[in-house]
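Right, one structure below, let's go through it.
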Amino acid sequence: MSCTNHQFKQGVTFNGAGTYATEPGWPANLTGVTIVTALRDSRNKLHYLDVAITSPTTFTVSSNQTQEWHPGTAYWDIQFFQNTTEIFYSATVRLEIIPNVTPNKVST
Amino acid sequence: MAFTISINDQAAFEVLFAGPAGPTGPQGPQGIQGVPGQGVPVGGTAGQVLAKVDGVNYNTEWITPQDEYAVWGGITGTLSAQVDLQAALDGKYSTTNPAGFITSAALVGYATESYVNSQGFITASALTPYLTKAGNLSGLTDLALARDNLQLGSSNGPTFAGVTVQGAGSNVAQLSSTALSLNHTGYGQFTIQPSTGITFPDSTVQTTAFTAALLSGYATESWVTAGFAPLVRGLPASGTVGQVLTKNSGTSYDASWATLIPGDRYLTTSTTSNTLSNTTKTFTIGTGLSYTPTQSITISYDASNHMHGEVLTYNSGTGVLTVDINHHTGSGTYASWVVNVGGVVPAASVAWGSITGTLGSQSDLATALNAKLDSATAATTYQTLSGMSDYLSKAGNLSGLADTETARTNLGLGNMSTFDDAPGDGYTYGRVNGEWGVAPQVTNNSQLGTTVTTDASSTIYVGGGSFPRNSIIRMTYAGDPTVYLENPGVFIAGDQVLFVNQTSGYITFLDDGSCTVLSPAGPYCVPTNGVVAAVYLGDQLWVLSGNLQASI
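Read top to bottom, the protein sequences are chains D and L.
Residue 75 in my numbering sits at position 75 of the first sequence, and the numbers go up by one each step.
Throughout, my numbering is defined as the position within the second sequence, counted from one, plus 1000.
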């Protein structure tokens, strides 16, 4: 599996939309499937994202706490499990968290 | 399997999954043939079988199998050859002639009742009455003969014509219906016979005793009571040699044996009424006593009321006693006294001041006094409690020392007389060569440590413990690194961190949201060895100074 690289700016609300496409040997759709996803930032801190299955084949991933994501390289993947026993992990996505640059408080 | 995902409306990308285990693959090719195995041993004959010689691999041999198990009817040889079985059989009797035993058939008829009866035996039931007689003689058919045989007379209440108790020699006692006689060899015969009275062996003391009825009236005749003296009582029983007869009371014949105590007698009593006082008094006491003039005497009513004095006169015939009472205890008038010889005047109370003699003669008291500390010695040798209070106070806080200079020297404190006389002009003073001198001020720069850290990270955080206090950080990132100044953590107000820009670009200084960065010239450190100092001011405030610029 390859590890894709993507950038994300710190502090911006994270909104991801996923579309599930089945293949032989995999669940036909997301019915009965639980999705959990988390991101581990450059300071090795774990941040869970909110997941909602919006249809049998679509789901959304979101977080409005990305200000807590420390700049640097972060890693993100998605865990699907069914009946608590059959576990599917996605490939790991490498996210480069870009820091906010403009100071939010500057005194002269 | 995969799914696509887009972040914040960016172009969607595909995310692959780690798939489940696939189906079982096809069977692999056959392996190569193995090396030949170990063969069987050579030799052997038809019917032999292969057997292990020992536990060593392949160590076998050909052997002839064992015979089959014996079957009853197929056993050959002689029974006696099986000696254990023959011994067991020899322990049994032969059924044809069991020596010494009789068969049950031969015993038929022997134990029948008619056979037993014909043998003349008596039955158990017939023996029962005989056994009862043997136990308690009940059921005897001829009681008279039985009593004769037992020498018990002619009835169940036996009477005896006479009883003779024969002793040794001529000693014999005889009891008849009218007399009892005893014969004792050497002493003669003693006979009691109602008709003749008692006959003693000694014929000179013969007497005849009669019944009380025969004496009735003899002692009541008037001539007896009027003409003869009354009966004289005998002496009391017991007593020991030397004792004398003493009246116990005034009752006639009330006397007993008593031991006579020889010597003068003084103990007596008096019923003369007298009052307790010190004067001449007269008492009537017992007669025949041994009091003489000038003799000490004690006259007591009880333990709390008594008088003591000397005898003036005593009449042993009348018992009149005059005494000179010179000491008494108690008070009142009494008529029941116990009088006895005195001789010891009761000790009177001794008043302080009336003791004569020398104190030293009372050696025990003198010894006790000598064991005490003389007051003059105490005054010169010991300190009083009040006098010690001053010393105790000095021991507590050294107050009131007479020579403070020497005391400081003794304490190793030098010769300073005071410690709080430094000038009050706001400077910090210290003692130098025996006088006050201004202490050098410590600047922030002087707090910089010697820890130099080279960091090639694109992003570093300062304040949370990433770097020690007052560090010097050489930043060598190949680009534009960012420095986040955080909540101070281990840093305290006045701590500094010195950044040296040895990157290939600019260093951006930002706060991490937990504190505020004050930067009058801008948040960017110039490249090529620009130096910026970040000083923590306290209260989550950092301030930057150095080679800063406002933009890049």
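We put the beta carbon where it would ideally sit given N, CA and C, even for glycine.
Contact set between residue i and chain D, taken where Cβ atoms lie within less than 8 Å
i: I1007 of chain L; result: H6, F8, F14, N15, G16
i: T1508 of chain L; result: V101
Burial state of residue i, where buried means 16 or more other Cβ atoms lie within 10 Å
i: P1020 of chain L; result: Caution is warranted here: a pLDDT of 49 is assigned to P1020 of chain L, below 50, making its placement in the model unreliable, and the coordinate value is therefore given only provisionally. That one is exposed.
i: M1388 of chain L; result: exposed
i: K1281 of chain L; result: buried
i: S1331 of chain L; result: exposed
i: S1519 of chain L; result: buried
i: N1547 of chain L; result: buried
i: N1501 of chain L; result: buried
i: P1262 of chain L; result: exposed
i: G1463 of chain L; result: buried
i: G1167 of chain L; result: exposed
i: G1135 of chain L; result: exposed
i: G18 of chain D; result: buried
i: T1409 of chain L; result: exposed
i: W1542 of chain L; result: buried
i: N1485 of chain L; result: A small fix is needed here, since residue 1485 of chain L is Leu in this sequence, not Asn. Label assigned to L1485 of chain L: buried.
i: T1459 of chain L; result: buried
Same chain only: Cβ atoms within 6 Å of residue i, ignoring 5 sequence neighbours per side
i: L30 of chain D; result: Y20, I53, P56
i: T1240 of chain L; result: none
Cβ shell of residue i (< 8 Å), same chain only, five flanking positions each side left out
i: T1004 of chain L; result: A1012, F1013, E1014, V1015
i: T1318 of chain L; result: T1284, T1287
i: L1231 of chain L; result: Below a pLDDT of 50, predicted positions are generally treated as unreliable, and L1231 of chain L, at 49, falls in that range; no measurement from the model is reported.
i: K1503 of chain L; result: Sequence inspection shows Thr at residue 1503 of chain L; the Lys mentioned does not correspond to that position. The answer, listed in chain order, is M1475, T1476, Y1477, A1478, G1479, D1480, P1481, P1527.
i: S42 of chain D; result: H70, P71, G72, T73, A74, I97
i: S1393 of chain L; result: S1399, G1400
i: V1557 of chain L; result: Absent from the model: residue 1557 of chain L. The displayed extent of chain L is 1001 to 1552, so no value can be given.
Contact under 9 Å by Cβ, residue i with residue j
i: L1498 of chain L; j: A1533 of chain L; result: yes
i: T1508 of chain L; j: D1480 of chain L; result: yes
i: W1257 of chain L; j: T1246 of chain L; result: yes
i: Y89 of chain D; j: I98 of chain D; result: no
i: V1452 of chain L; j: R1431 of chain L; result: no
i: I1063 of chain L; j: V1049 of chain L; result: yes
i: S1238 of chain L; j: T1333 of chain L; result: no
i: G1494 of chain L; j: Y1536 of chain L; result: yes
i: S62 of chain D; j: N15 of chain D; result: yes
i: A1051 of chain L; j: E1061 of chain L; result: yes
i: Q82 of chain D; j: P27 of chain D; result: yes
i: N1057 of chain L; j: Q1033 of chain L; result: no
i: T1298 of chain L; j: G1342 of chain L; result: yes
i: L1152 of chain L; j: V1165 of chain L; result: no
i: T66 of chain D; j: Q10 of chain D; result: yes
i: Q1496 of chain L; j: Y1524 of chain L; result: no
i: S1080 of chain L; j: Q1086 of chain L; result: yes
i: S1551 of chain L; j: G1522 of chain L; result: yes
i: G1162 of chain L; j: S1138 of chain L; result: no
i: W1352 of chain L; j: S1270 of chain L; result: no
i: T1199 of chain L; j: Q1189 of chain L; result: yes
Chain L contact residues for residue i, given Cβ-Cβ distances below 7 Å
i: Y75 of chain D; result: The contacting residues do not exist; Y75 of chain D stays about 13 Å from chain L at best.
Contact set between residue i and chain D, taken where Cβ atoms lie within less than 7 Å
i: F1003 of chain L; result: G18, T19, Y20, A21
Chain-ordered neighbours of residue i on chain D, where CB pairs are closer than 9 Å
i: T1459 of chain L; result: S42, H70, P71, G72, P99
i: T1482 of chain L; result: P71, P99, V101
Cut-off 7 Å between Cβ atoms - residues of its own chain near residue i, not counting five sequence neighbours on either side
i: N64 of chain D; result: T13
i: N1171 of chain L; result: N1183, H1184, T1185
i: T1294 of chain L; result: E1310, V1311
i: P1129 of chain L; result: G1139
Beta carbon proximity, residue i to chain C, threshold 9 Å
i: Q82 of chain D; result: Absent from the structure is chain C; the protein chains it does hold are D and L.
Any 3 or more C-beta pairs closer than 8 Å across the stretch 63-77 of chain D and the stretch 91-100 of chain D
yes
Are the stretch 1468-1479 of chain L and the stretch 1421-1432 of chain L in contact at 8 Å, needing three or more beta carbon pairs?
no
Quick check: the stretch 1315-1331 of chain L against the stretch 1349-1368 of chain L, are there 3 or more CB pairs under 8 Å?
no
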